[in-house]
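> In this note's numbering, the protein residues as written are 5 to 261.
Don't be surprised by glycine CBs; every beta carbon is placed ideally from N, CA and C.
Below is one structure. I have some questions about it.
In structure tokens, the structure reads:
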């Protein structure tokens, strides 16, 4: 079961540059306000109806490592479908996520889950919903940015928005100076000595809606560190997509106690 959870962690962890007049980084920093940075970051989000393609993921926790090939299909704000293959040939798991429901099954142990986001949130160590999972995959902040809740600082690396008030989760987001794309986001639970850092690199051009080519997730818990790397290999947009999904009969249900 432990190896299955790691595989699903990898699957789920897997679970537009502006066209206007260009300003220099210095000019943009001088003009920056929290409201402007947040609005520009939202405007830079990939805007498509459907997406489909392939990605390659790798997982390493210092003791165990594996890589997996995943087919991904998405209908924006409605559905995310993943099919994971080991060795690029054998389907080992399928995932179907909608705003109301999380479903998956895996063939190695013959088990399945059909319910809400509680199991996924438990495995990933943070409260998740459909929008957070979708935003993680397309390179947007997984928490909604509100100018009243964050302070803005400008550095050579970008605009940084960090949460103002003390809370169980300290949040910070690094926004690119020129494109306003999300370069990194970090969530930290100091009391529990837990944190996750997500970085985005090598964004595609406008023909691929400014999607990130590479996503790196580093999760720290106590003395342990887990690294997940996601590389999008090919993407197509606004084509007709289907979401074939059916839980095989005879599989054992995973029940949350």
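Could you check how far apart the C-beta atoms of residue 68 and residue 231 are, in whole angstroms? I think they sit under 8 Å.
Incorrect: roughly 12 Å between the Cβ atoms, too far for contact.
> Compare the Cα-Cα distances from residue 87 to each of 228, 249, 121 and 193 and report the closest residue.
Comparing Cα positions, the closest option is 249.
> What three-state label does DSSP hand residue 187 in the structure shown?
Of the three classes helix, strand and coil, the one that applies to residue 187 here is strand, per DSSP.
> Tell me the rounded alpha-carbon separation between residue 163 and residue 150.
If I take the Cα positions, the gap works out to 15 Å.
> Our contact map puts residue 243 next to residue 54 with C-beta atoms below 8 Å; I'd like the distance itself, whole angstroms only.
Right, their Cβ atoms sit about 6 Å apart.
> Does the beta-carbon of residue 20 have 16 or more other beta-carbons within 10 angstroms, so that it is buried, or is it exposed?
Because residue 20 carries a pLDDT of 25, less than 50, the predicted location of this residue cannot be relied on, and no value is offered for it.
> Hey, quick one: how far does the beta strand (DSSP E) through residue 240 stretch, first residue to last?
Counting along the chain, the beta strand (DSSP E) containing residue 240 begins and ends at 228–241.
> Answer with buried or exposed for residue 47, where buried requires no fewer than 16 other C-beta atoms within 10 angstroms of its C-beta.
Label assigned to residue 47: exposed.
> Based on the DSSP secondary-structure assignment, which residues constitute the bridge partners of residue 179?
Its beta-bridge partners are 163 and 186.
> Please tell me whether residue 251 and residue 123 are closer than 9 Å, where the distance is taken between their beta carbons.
No, Cβ-Cβ distance for residue 251 and residue 123 is not below 9 Å.
> Does the CB of residue 144 have a neighbour CB from chain B at under 9 Å?
Although the question refers to chain B, the structure presented lacks it and comprises just one protein chain.
> Three or more C-beta pairs closer than 8 Å, one from the stretch 136–151 and one from the stretch 72–86: is that the case here?
Judged by Cβ distances under 8 Å, the stretch 136–151 makes contact with the stretch 72–86, as three or more pairs qualify.
> Assuming residue 224 is part of the beta strand (DSSP E), what are its boundary residues?
Element bounds for residue 224: 216–225.
> How long is the line joining the alpha carbons of residue 90 and residue 207, rounded to whole angstroms?
Residue 90 and residue 207: Cα-Cα distance of roughly 26 Å.
> Return the first residue and the last residue of the alpha helix (DSSP H) that residue 259 is part of.
Unbroken run through residue 259: none, as it is neither H nor E.
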